[in-house]
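Residue numbers (our numbering), protein chains in the order written: chain A, 1 to 179; chain B, 1001 to 1153. Please read the structure below before turning to the comments.
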């Protein structure tokens, strides 16, 4: 696609960049920061590059910024990991919440509690699994688009997706008692 | 009818892992089209994963472009505040003026000093010359006196 300006390019890719950053970081404001910082970096350093390189360059910047934030978060959280683990929603928490959900499964309505339970389960997935699952399932991105966003091969994307589905089935076994 | 499809196979099918096995992919598609039980199972899985994805992937992106634009504006304002430099030009001009005045004053002082030293030196030199002249005149006068006394004597 030919762009008239780099601003037009940004408008075209900002949503995808935001989706990736949002799912990778699981934080709305941080995701917005990443997209904005990436656009600034792109403008400063690569605006004069040929248009056909913009996409790869931009998403490479976005990925690097996401990884930087993750690294910082990991180094920060390593100190308080034990306390976080003790308060985090575990599989046991999810199971404990299920009786009330199972009392009225016929409602077929994703109420707030069920939504929270599903959310917690997705957040327990490994980083890559969560990203792939949300990009593929929530955003309906194709395998090719997901590969481009995450810089992964199609085989790896499929593997992460499969493992995410399997793990969710395991985590939500009590909620999804259809077997 | 082929054998029923288990959950594991359905997950492989959903994730695209069966794309590399066309025969298996065809078998599953055909079976799903003909088997109510497996199709119901597939639809249940589909609903569950879709629900989970939408619960976790619910995004506030109604005004994504606006939110990003607001952030850009805020960043620009911030940048302009951070980039507001001290008045280097004024400081430099002030420094230059101060140095210039200082140099000028120093030169003036040196000129004044040299002017005050030179006359006295000149005067001293002139005085020495006069003294020498006077002493020379005295010498010649004395010589005249001596010659007169010798001629008289």
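Ideal Cβ positions, reconstructed from N, Cα and C, are used throughout, including at glycine. Note that the structure is predicted; figures quoted are calculated from it, not measured.
Check, Outcome
"Verify the CB distance criterion: does residue 24/A have a CB-CB separation below 7 Å to chain B?", "no"
"For residue 122/A, decide whether its Cβ has a neighbour in chain B, counting only Cβ atoms nearer than 7 Å.", "yes"
"What separation, rounded to the nearest whole angstrom, lies between the Cα atoms of residue 101/A and residue 1051/B?", "The predicted position of residue 101/A is uncertain, since its pLDDT is 43 and thus under 50; no value can be drawn from it."
"Taking the Cβ atom as the reference point for each residue, do residue 1018/B and residue 1024/B lie within a distance shorter than 7 Å?", "yes"
"Are the segment 1006 to 1020 of chain B and the segment 117 to 131 of chain A in contact at 8 Å, needing three or more beta carbon pairs?", "no"
"Could you check the C-alpha separation between residue 17/A and residue 141/A for me, to the nearest Å?", "12 Å"
"So residue 1009/B is in the alpha helix (DSSP H); what residue range does that whole segment cover?", "1007 to 1015"
"What is the rounded straight-line gap between the Cα of residue 1096/B and the Cα of residue 1106/B?", "15 Å"
"Go to residue 136/A, then tell me how far its alpha helix (DSSP H) extends in each direction, as first and last residue.", "Neither: residue 136/A is in no alpha helix (DSSP H) and is coded neither H nor E."
"Compare the C-alpha of residue 45/A against each of 138/A, 35/A, 57/A and 52/A and name the closest.", "57/A"
"Measure the alpha-carbon distance for residue 1005/B versus residue 166/A and round it to whole angstroms.", "15 Å"
"Report yes if the CB atom of residue 38/A is closer than 7 Å to the CB atom of residue 11/A, and no otherwise.", "no"
"Let me know the secondary structure DSSP gives residue 1/A once reduced to three states.", "coil"
"Cα separation between residue 75/A and residue 171/A?", "27 Å"
"With DSSP collapsed to three states, give me the class of residue 1150/B.", "helix"
"Drop a sphere of 10 angstroms on the beta-carbon of residue 219/A, count the other beta-carbons inside from all chains shown, and report buried for 16 or more, exposed for fewer.", "In the structure as shown, chain A starts at 1 and stops at 179, and residue 219/A therefore has no counterpart that could be examined."
"If we ignore side chains and look at the alpha-carbon of each, how far apart do residue 1036/B and residue 176/A end up?", "20 Å"
"To the nearest angstrom, how far is it from the Cα of residue 8/A to the Cα of residue 125/A?", "35 Å"
"With DSSP as the reference, label residue 153/A as helix, strand or coil.", "coil"
"Would you mind sorting residue 120/A into buried or exposed? The rule is 16 or more other CB atoms within 10 Å of its CB.", "buried"
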